[in-house]
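**Student:** Protein chains in written order, with my numbering: chain A, 1 to 187; chain B, 188 to 379.
Take this structure first; my questions come after.
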Amino acid sequence: MKRYEAIKAIADLLKEDELVISANGMISREMCAIRDRSHNFYMLGSMGLASSIGLGLAISVPNKKVIVIDGDGNVLMNLGSLTTIGKLCQKNLIHVVLDNESHDSTGGQPTASNMAKLEEIAKASGFRTTKRVCSIEMLKEAMRELVASDGPSFLLAKVKRGGEPIPRVSHEPEVVKDRFKKALFDD
Amino acid sequence: MCAKNVFRIGRDINFGDSVIFKKFDWSLIWMKADEFCLLLKGYGFNFFAGVPCTILREIIGNLMSDRDVIYITATREEEAIGIATGAYLGGNKSVVLMQNSGIGNSIGALASLPLLYKVPMLLLISWRGYRGKDAPEHLIMGEAILRLLRSVGIPFQILSRERVEEEVSSAVRDMEKRQIPVALLLRRGVIK
Numbered sequence: 001m002k003r004y005e006a007i008k009a010i011a012d013l014l015k016e017d018e019l020v021i022s023a024n025g026m027i028s029r030e031m032c033a034i035r036d037r038s039h040n041f042y043m044l045g046s047m048g049l050a051s052s053i054g055l056g057l058a059i060s061v062p063n064k065k066v067i068v069i070d071g072d073g074n075v076l077m078n079l080g081s082l083t084t085i086g087k088l089c090q091k092n093l094i095h096v097v098l099d100n101e102s103h104d105s106t107g108g109q110p111t112a113s114n115m116a117k118l119e120e121i122a123k124a125s126g127f128r129t130t131k132r133v134c135s136i137e138m139l140k141e142a143m144r145e146l147v148a149s150d151g152p153s154f155l156l157a158k159v160k161r162g163g164e165p166i167p168r169v170s171h172e173p174e175v176v177k178d179r180f181k182k183a184l185f186d187d
Numbered sequence: 188m189c190a191k192n193v194f195r196i197g198r199d200i201n202f203g204d205s206v207i208f209k210k211f212d213w214s215l216i217w218m219k220a221d222e223f224c225l226l227l228k229g230y231g232f233n234f235f236a237g238v239p240c241t242i243l244r245e246i247i248g249n250l251m252s253d254r255d256v257i258y259i260t261a262t263r264e265e266e267a268i269g270i271a272t273g274a275y276l277g278g279n280k281s282v283v284l285m286q287n288s289g290i291g292n293s294i295g296a297l298a299s300l301p302l303l304y305k306v307p308m309l310l311l312i313s314w315r316g317y318r319g320k321d322a323p324e325h326l327i328m329g330e331a332i333l334r335l336l337r338s339v340g341i342p343f344q345i346l347s348r349e350r351v352e353e354e355v356s357s358a359v360r361d362m363e364k365r366q367i368p369v370a371l372l373l374r375r376g377v378i379k
């Protein structure tokens with residue numbers, strides 16, 4: 001499956017008040033293009049920290065589902081985060097990793113995730129549920145299941161490299177933050 | 188609690204009705220770690236994430252055993268900044284604790300997350316290598332820390348025994364006004 005299709009599948013399943021933290025690079029760009037909503041927080045920089053932002057948020061709003069949409073390069077930059085999440089065992093956190101085994105946003109340089117099984121690292125770190133999917137149908141089914149059950153959950157989706165050219169996130173960073181906070185406050 | 192009592196406490200000797208000030212005893216006016224945590228809680232800070240340092244040991248110990256606040260042990264300082272940012276998005280007031288060496292680890296994250304998105308947070312930074320007196324691994328960062336903070340535009344207060352309350356108050360005011368991270372630098376021996 002393509003990354004764009006995977007993000008679209010996740011976006012289509014989102015309920016109104018589910019919170020999304022999307023990783024910097026193409027993932028945030030595509031999420032913004034596919035389904036721009038106030039409950040999305042688009043990262044622009046701070047590569048690797050999507051799961052950490054998601055964790056801090058999930059602890060702070062325990063009655064809402066927090067879905068982190070991450071990439072393999074991002075996770076590998078902050079692997080320690082998986083152990084922190086596993087230890088804290090936050091029920092409302094779902095960590096999705098779109099794994100194309102490369103730094104696709106910067107030219108496709110290969111990462112180590114062709115060898116390293118990230119979902120097994122997550123499992124060993126204490127995530128309650130971990131899954132690995134490689135088709136859109138499997139991804140949708142897994143998402144439905146994970147949203148309905150307790151986390152922390154880790155979903156690794158193998159995706160193809162590459163994607164269509166897509167514009168940058170159109171909102172100013174401060175706007176992304178302010179409307180996200182407002183959406184949470186208004187819920 | 189501290190500075191206001193400077194002239195009222197000390198070890199005195201009594202000679203009848205007159206009191207002779209014998210020796211000024213700093214240990215009597217040092218702010219204790221639990222008082223410092225109370226001070227931060229008084230400003231509404233309720234979410235703490237950090238990487239430990241011996242200078243921060245007592246403070247972290249207090250936060251970890253305090254049921255009114257959350258303390259998360261991060262694996263790296265930038266992770267703590269991510270967690271603190273998420274907590275802010277979720278409505279909490281965050282403090283990140285770290286040694287000054289951790290600013291080296293996290294300066295990119297500071298620049299492209301809380302500084303970029305205008306996320307207020309306090310950075311409680313222990314200052315190892317202050318004035319070149321420390322183990323060798325702390326000397327370069329100890330000398331560079333203020334320049335590093337200035338270079339990315341993070342305001343700071345250097346905490347002193349005599350004026351902790353005023354310095355914290357000033358940092359919090361700055362943080363609220365500008366909606367960015369503001370640092371408190373903690374040297375060894377300032378908090379008991």
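The beta-carbon is built from N, C-alpha and C at its ideal position, and this holds for glycine as well.
May I ask you to list, following chain order, the residues of the stretch 150-180 of chain A that have a beta carbon less than 8 angstroms from some beta carbon of chain B?
**Tutor:** Cβ contacts with chain B come from P173, E174, V176, K177 and F180.
**Student:** P165 (chain A) by DSSP, collapsed to three states: which one?
**Tutor:** In the structure shown, P165 (chain A) sits in coil (DSSP, three-state: anything other than H, G, I, E or B).
**Student:** May I have the straight-line CA-CA distance separating A267 (chain B) from A261 (chain B), to the nearest angstrom?
**Tutor:** Answer to the nearest angstrom: the Cα atoms are 5 angstroms apart.
**Student:** In terms of alpha-carbon separation, which member of B:R334, B:S281 and B:R337 lies closest to G231 (chain B)?
**Tutor:** The option with the nearest alpha carbon to G231 (chain B) is B:S281.
**Student:** Quick one: which residues of the stretch 300-318 of chain B get their C-beta closer than 8 angstroms to a C-beta of chain A? List them in chain order.
**Tutor:** Listed in sequence order: L300, L303, Y304, K305 and V306.
**Student:** From A220 (chain B) to V369 (chain B), what distance separates their C-alpha atoms?
**Tutor:** Taking the straight line joining both Cα atoms gives about 20 angstroms.
**Student:** List the residues that DSSP assigns as beta-bridge partners of G248 (chain B).
**Tutor:** Paired residue(s): none; G248 (chain B) is not in a bridge.
**Student:** Span of the beta strand (DSSP E) holding G54 (chain A)?
**Tutor:** Counting along the chain, G54 (chain A) falls outside any beta strand (DSSP E), though it belongs to the alpha helix (DSSP H) covering A50 to S60.
**Student:** Work out the CA separation of L93 (chain A) and I270 (chain B) for me, nearest whole Å.
**Tutor:** Spanning the two alpha carbons is a distance of roughly 13 angstroms.
**Student:** If I measure Cβ to Cβ from P377 (chain B) and keep anything under 6 angstroms in the same chain, skipping five residues before and after, which residues do I get?
**Tutor:** The question names Pro, but residue 377 (chain B) is Val in the sequence shown. The residues are L346 and R348.
**Student:** Taking its Cβ as the centre, do 16 or more other Cβ atoms sit within 10 Å of K15 (chain A), making it buried, or is it exposed?
**Tutor:** That one is exposed.
**Student:** DSSP has G231 (chain B) in a bridge; who is on the other side?
**Tutor:** Answer is none; G231 (chain B) lacks a bridge partner.
**Student:** Would the beta-carbon of S52 (chain A) fall within 8 angstroms of that of H95 (chain A)?
**Tutor:** Contact: no.
**Student:** Give me the Cα-Cα distance between I21 (chain A) and K320 (chain B), rounded to the nearest whole angstrom.
**Tutor:** So the two alpha carbons sit approximately 43 angstroms from each other.
**Student:** Comparing alpha-carbon positions, which option in B:Q286, B:S252 and B:L371 lies nearest T241 (chain B)?
**Tutor:** When only C-alpha atoms are compared, the closest one is B:Q286.
**Student:** Does N63 (chain A) get closer than 8 angstroms to chain B when you measure Cβ to Cβ?
**Tutor:** Answer no: the Cβ-Cβ gap between N63 (chain A) and chain B never drops below 8 angstroms.
**Student:** Enumerate in chain order the residues of its own chain whose CB-to-CB distance from K305 (chain B) is below 7 angstroms, with the five nearest sequence positions on each side excluded.
**Tutor:** Contacts found: Q366 and I367.
**Student:** Given that a residue counts as buried once 16 or more other Cβ atoms are within 10 Å of its Cβ, and exposed if not, what is S288 (chain B)?
**Tutor:** Counting Cβ neighbours within 10 Å, S288 (chain B) comes out buried, since at least 16 surround it.
**Student:** Where does G329 (chain B) sit, in a helix, a strand or coil, going by DSSP?
**Tutor:** Helix.
**Student:** CB N292 (chain B) to CB E265 (chain B), shorter than 8 angstroms?
**Tutor:** Yes, they are a contact pair.
**Student:** Output needed for C134 (chain A): all residues of its chain with C-beta closer than 8 angstroms, excluding positions within five of it in sequence on either side, in chain order.
**Tutor:** Result list for C134 (chain A): M1, A157 and K158, in chain order.
**Student:** Taking all protein chains shown into account, do 16 or more other C-beta atoms lie within 10 angstroms of the C-beta of K131 (chain A), making it buried, or fewer, making it exposed?
**Tutor:** K131 (chain A) comes out buried.
**Student:** At the 8 angstroms Cβ level, is T106 (chain A) part of the contact set with chain B, yes or no?
**Tutor:** No, because no Cβ of chain B sits closer than 8 angstroms to the Cβ of T106 (chain A).
**Student:** Which residues, in chain order, does the stretch 11-44 of chain A contribute to contact with chain B at a C-beta distance below 7 angstroms?
**Tutor:** Going along the stretch 11-44 of chain A in chain order, one finds F41 and L44 with a Cβ nearer than 7 angstroms to chain B.
**Student:** Rounded to the nearest angstrom, what separates K64 (chain A) and L226 (chain B) at their Cα positions?
**Tutor:** K64 (chain A) and L226 (chain B): Cα-Cα distance of roughly 31 angstroms.
**Student:** Leaving out five residues on either side along the sequence, give the residues of the same chain with a beta carbon under 7 angstroms from the beta carbon of M308 (chain B).
**Tutor:** Result list for M308 (chain B): A271, Y275, S281, V282, V283, P301 and P368, in chain order.
**Student:** Report yes if the C-beta distance between I257 (chain B) and I69 (chain A) is below 8 angstroms; otherwise report no.
**Tutor:** Result no, Cβ atoms of I257 (chain B) and I69 (chain A) do not sit closer than 8 angstroms.
**Student:** Spell out whether any CB of chain B is found under 8 angstroms from the CB atom of N78 (chain A).
**Tutor:** Yes - at least one Cβ of chain B is within 8 angstroms of the one on N78 (chain A).
**Student:** Could one say the Cβ of I53 (chain A) lies closer than 8 angstroms to chain B's Cβ atoms, at least one of them?
**Tutor:** True, the Cβ-Cβ gap to chain B drops below 8 angstroms.
**Student:** Mind pulling the chain A residues with CB within less than 7 angstroms of R263 (chain B)?
**Tutor:** Ordered by position in chain A, the residues that pass the 7 angstroms Cβ test against R263 (chain B) are G80.
**Student:** Using 8 angstroms as the limit for Cβ to Cβ distance, is I59 (chain A) near chain B?
**Tutor:** Yes, its Cβ sits closer than 8 angstroms to a Cβ of chain B.
**Student:** Between L276 (chain B) and chain A, is any beta-carbon pair separated by less than 8 angstroms?
**Tutor:** Judged by the 8 angstroms Cβ criterion, L276 (chain B) is in contact with chain A.
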